[in-house]
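In the working numbering, the protein residues as written are 2 to 250. Remarks on the structure that follows.
Printed below as a string of structure tokens:
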């Protein structure tokens, strides 16, 4: 099942997606309340919003062997924070800072938490997940090298697009991920290549940090990401999850 959060005529709705059609739903999705109300829209006539409103976003560094570029694999997951002000959605613009010399797109599977999570056991981790969405961990490489905390390299405004859908009820451990710039494939991998699995990542993070419903974890990127420039169209496509598109300005 795929859910969507969208705006129409100044009002914000949640909906269930079936092809190009949206059926509005009522209730708290984090409590399993998905009640159709027989109101329908077409995807083309609504403004698509990020599928959730997280209270925090984290991302994993060095979680694919092909992204290590000769470095040793990490001895434990290496999460870092992304600011909420960097969050943006499907079809929204990615703003390229003019004083950065190199900005890359990173195609990633994003985990969306469904329950309050603290000290989660490895074997129970998936019970705390609501679903998955596409994400782009936009990264200013020069700032990433120069700044100790990556604060602007990973969290400048618009550097965290997610969407368009929240996909539920799938196995996330064997999904193809494709990244494109202007239609050209720049990244291709499978989630089975992760160094640290989703359950291990959740177990590790919640040992120290409480996660809340709607919080997001970007699970890492593969290979060498592609540089993006104003005018480029960036796409993140994940098998069974969706296709996220953003224009760079």
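Glycine included, C-beta positions come from ideal geometry on N, C-alpha and C. Just so you know, these numbers come straight off a predicted model, no measurement behind them.
Open item on the list: Quick check: what's the CA-CA separation for residue 91 versus residue 124?
Closed with: 33 angstroms
- [ ] Use the C-beta contact count for residue 74: other C-beta atoms within 10 angstroms, 16 or more gives buried, fewer gives exposed.
- [x] exposed
Task: Contact the stretch 150-167 vs the stretch 194-213: 3+ CB pairs below 8 angstroms - done: no
Task: Identity of the residue in 158, 3, 117 nearest residue 140 by Cα - done: 158
Open item on the list: What does the alpha-carbon distance come out to for the pair residue 150 and residue 128?
Closed with: 32 angstroms
Open item on the list: Looking at the secondary structure, which residues open and close the alpha helix (DSSP H) in which residue 178 lies?
Closed with: No alpha helix (DSSP H) holds residue 178; the beta strand (DSSP E) holding it covers 177-182.
Task: Cutoff 6 angstroms; reference residue 89; Cβ partners in own chain excluding five residues on either side - done: 159, 162
- [ ] Work out the CA separation of residue 168 and residue 55 for me, nearest whole Å.
- [x] 16 angstroms
Open item on the list: With distance defined between alpha-carbon atoms, name the residue in 72, 198, 227 nearest to residue 107.
Closed with: 227
Task: Nearest-angstrom Cα separation, counted from residue 221 out to residue 190 - done: 11 angstroms
Task: residue 83 and residue 58 closer than 8 angstroms at C-beta - done: yes
- [ ] Starting from the C-beta of residue 93, find all residues in its chain whose C-beta is less than 8 angstroms away, skip the five residues before and the five after it, and write them out in chain order.
- [x] 159, 162, 247
Open item on the list: Taking a contact to mean a Cβ-Cβ separation below 8 angstroms, would you say residue 4 touches residue 166 in this structure?
Closed with: yes
Open item on the list: Can you confirm whether the stretch 95-105 touches the stretch 172-179 when touching is taken to mean that 3 or more C-beta pairs between the two stretches lie within less than 8 angstroms?
Closed with: no
TODO: Let me know the beta strand (DSSP E) ranges lying completely inside the stretch 195-220, each 3 residues or longer, listed in chain order.
DONE: 217-219
Open item on the list: Please state the DSSP three-state secondary structure of residue 81.
Closed with: strand
TODO: Go through its chain and collect everything with a Cβ distance to residue 65's Cβ below 8 angstroms, but skip five positions before and after it.
DONE: 190, 194, 195, 196, 221, 222, 223, 224
Open item on the list: Please return the same chain residues whose Cβ sits closer than 6 angstroms to the Cβ of residue 47, not counting the five positions on each side in sequence.
Closed with: 7, 9
Task: Cβ separation of residue 133 and residue 78, assumed to be a contact under 8 angstroms, to the nearest whole Å - done: That pair is no contact at about 18 angstroms.
- [ ] From the DSSP output, read off the bridge partner residues of residue 248.
- [x] 234
TODO: Return the CA-CA distance between residue 243 and residue 111, expressed in angstroms with no decimal places.
DONE: 12 angstroms
- [ ] Have a look at residue 210 and residue 85 and give me their C-alpha separation to the nearest angstrom.
- [x] 17 angstroms
Task: Start-to-end residues for the beta strand (DSSP E) that takes in residue 106 - done: 104-106
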